[in-house]
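K.L.:
Residue 39 is where the sequence shown starts when you use the working numbering, and the numbers rise one by one after that.
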Amino acid sequence: MGEKLNRTMNVLIVGVGGQGVIMVSKVLAQLCQADGHDVKQSEVHGMAKRGGGVFSHVRFGPKVWSPTIPEGEVDILVALEWAEGLRWLKHLKPDTGTFIADCQKIVPPFACRNRKRGAEPAYAPQTPEEIIEQVHAGYVMDATGMAANLGNARASNTVLLGALSTVLDFPEEAWVEIIAATVPAKSVEVNRAAFAEGRAWAMGGEKRIDVTASGLHKAHSEVHHPQVDTILEITEEWCKGCDICVKMCPERCLRLNDRLKAELALPDLCTGCQLCAWLCPDQAISVTNIPVTEPAE
Numbered sequence: 039m040g041e042k043l044n045r046t047m048n049v050l051i052v053g054v055g056g057q058g059v060i061m062v063s064k065v066l067a068q069l070c071q072a073d074g075h076d077v078k079q080s081e082v083h084g085m086a087k088r089g090g091g092v093f094s095h096v097r098f099g100p101k102v103w104s105p106t107i108p109e110g111e112v113d114i115l116v117a118l119e120w121a122e123g124l125r126w127l128k129h130l131k132p133d134t135g136t137f138i139a140d141c142q143k144i145v146p147p148f149a150c151r152n153r154k155r156g157a158e159p160a161y162a163p164q165t166p167e168e169i170i171e172q173v174h175a176g177y178v179m180d181a182t183g184m185a186a187n188l189g190n191a192r193a194s195n196t197v198l199l200g201a202l203s204t205v206l207d208f209p210e211e212a213w214v215e216i217i218a219a220t221v222p223a224k225s226v227e228v229n230r231a232a233f234a235e236g237r238a239w240a241m242g243g244e245k246r247i248d249v250t251a252s253g254l255h256k257a258h259s260e261v262h263h264p265q266v267d268t269i270l271e272i273t274e275e276w277c278k279g280c281d282i283c284v285k286m287c288p289e290r291c292l293r294l295n296d297r298l299k300a301e302l303a304l305p306d307l308c309t310g311c312q313l314c315a316w317l318c319p320d321q322a323i324s325v326t327n328i329p330v331t332e333p334a335e
């Protein structure tokens, strides 16, 4: 990696359980090892199946002595969830660090205290523009939206790997080879496409923001509508019956059916808070709130 071989490179990957933080760090660690670097990796993922925070340190170079990155020494911060990225931002090198983030938001339960229909949850208020101004180089992208357009929203972590590949000096084919060997065989092609999509997007410059209507811009600009129609959809083949959505639903309107798949049992009680969708580790639930407009007099 040119001059970077003379020092240790520090990459921190953060997100929420079920997003694929460990997969991203595994791909990066294997790539570095295959390129001849000494690699150390440290991770915390005990809450992965309960929607808790997950992070992984990856350090590589001629010789790495410790697996943990000191605060303020992160060269690249990769965030699979927006608020988690902001929480770890102080670990990024202030003058040379690169911030790569998906605009996806997974709101924790304690942020959904207002149970009124159509109410906004409490969430990190910082906009992508505000954060980009604070970093040396930054990319805020709708990786989840990109992956969904390719047919599998769960490939959003591979979209971010594509963006990461533009910052690290490894051959593109090496990334693709290791990703193909890491992901399930049936998802190899969609992950190839996701990697190419993220890489092509990030090639556009060292400071980029592209947040669609499904991302943060909508969340911070939409008008509060006390009356909404809620559409809750569950992709049954993605649901693993983990029961998180059922147990965490404040209104108790979800249940597991006889096939151990989540279903909306009491639709009239659903407030459209989206907590089930945000906590689902397999992205099997989607919630759409449609404002009800008042008829013209």
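Cβ atoms here follow ideal geometry from the backbone N, Cα and C, with glycine treated the same way.
(1) Comparing C-alpha positions only, which one of Arg297, Asp320, Cys318, Glu289 sits nearest to Pro305?
(2) Could you check how far apart the C-beta atoms of Glu301 and Ile272 are, in whole angstroms? I think they sit under 8 Å.
(3) Closest to Asp140 by C-alpha separation, out of Arg246, Val102, Glu210, would be which residue?
(4) Here's the rule I'm using: 16 or more other beta-carbon atoms within 10 Å means buried, otherwise exposed. How should Ile328 be labelled?
(5) Please list, in chain order, all residues of the same chain as Lys299 whose beta carbon is under 8 Å from its beta carbon, the five residues on each side excluded.
(6) Which complete beta strand (DSSP E) runs does the stretch 98-126 hold, if anything under 3 residues is left out?
(7) Return helix, strand or coil for Arg246, following the three-state DSSP convention.
(8) Since Gln79 sits in a beta bridge, which residues does DSSP pair it with?
(9) Going by beta carbon distance, what residues of the same chain come within less than 6 Å of Val96, once the five residues before and after it are set aside?
(10) Near Gln57, what residues of its chain come up, given a Cβ to Cβ distance below 7 Å and the 5 sequence neighbours on each side ignored?
(11) In the DSSP assignment, the alpha helix (DSSP H) including Pro166 goes from what residue to what residue?
(12) Does Thr273 come out as helix, strand or coil in the three-state DSSP assignment?
(13) Spell out the partners DSSP gives Pro329 in its beta bridges.
(14) Rounded to the nearest angstrom, what separates Val261 and Cys311 at their Cα positions?
(15) If you follow the beta strand (DSSP E) that Ala137 is part of, which residue opens it and which one closes it?
(16) Rounded to a whole number of angstroms, what is the C-alpha to C-alpha distance between Ile170 and Phe233?
(17) For Trp316 and Ile144, what's the separation of their Cα atoms in angstroms?
(18) Would you kindly report the start and end of the unbroken beta strand (DSSP E) that includes Glu301?
(19) What residue range is occupied by the uninterrupted alpha helix (DSSP H) comprising Leu202?
P.N.:
Quick look at the numbers:
(1) For the options Arg297, Asp320, Cys318, Glu289, the alpha carbon positioned closest to that of Pro305 is the one of Glu289.
(2) Taking C-beta atoms under 8 Å as the contact rule, Glu301 and Ile272 qualify, at a distance of about 6 Å.
(3) Selected option, being the one with the closest Cα: Arg246.
(4) When all chains shown are included, Ile328 counts as exposed.
(5) Around Lys299: Ile272, Glu274, Cys277, Gly279.
(6) Within the stretch 98-126, the beta strand (DSSP E) runs of at least 3 residues that lie entirely inside it are, in chain order, 114-117.
(7) In the displayed model, Arg246 falls within a strand according to three-state DSSP.
(8) As DSSP reads the structure, Gln79 sits in a beta bridge with Val96.
(9) Same-chain partners within the cutoff: Val49, Ser63, Leu66, Ala67, Gln79.
(10) If we look at Gln57 and ignore the five residues flanking it on each side, its Cβ neighbours are Leu118, Glu119, Asn195.
(11) Taken as a continuous stretch (DSSP letters only), the alpha helix (DSSP H) holding Pro166 covers 166-170.
(12) Per DSSP, reduced to three states, the secondary structure at Thr273 is coil, with no helix or strand assignment.
(13) Note: Pro329 sits in a beta bridge opposite Val266.
(14) Note that Val261 scores a pLDDT of 35, beneath 50, so its modelled location is shaky; the value from the coordinates is reported in the next line. Roughly 15 Å separates the two Cα atoms.
(15) Strictly speaking, residue 137 in this sequence is Phe, with Ala absent from that position. 136-140 is the extent of the beta strand (DSSP E) around Phe137.
(16) Taking the straight line from one Cα to the other gives about 23 Å.
(17) Note on geometry: alpha-carbon atoms of Trp316 and Ile144 lie some 5 Å from one another.
(18) For Glu301, the enclosing beta strand (DSSP E) begins and ends at 300-302.
(19) Run containing Leu202: 194-203, per the alpha helix (DSSP H) assignment.
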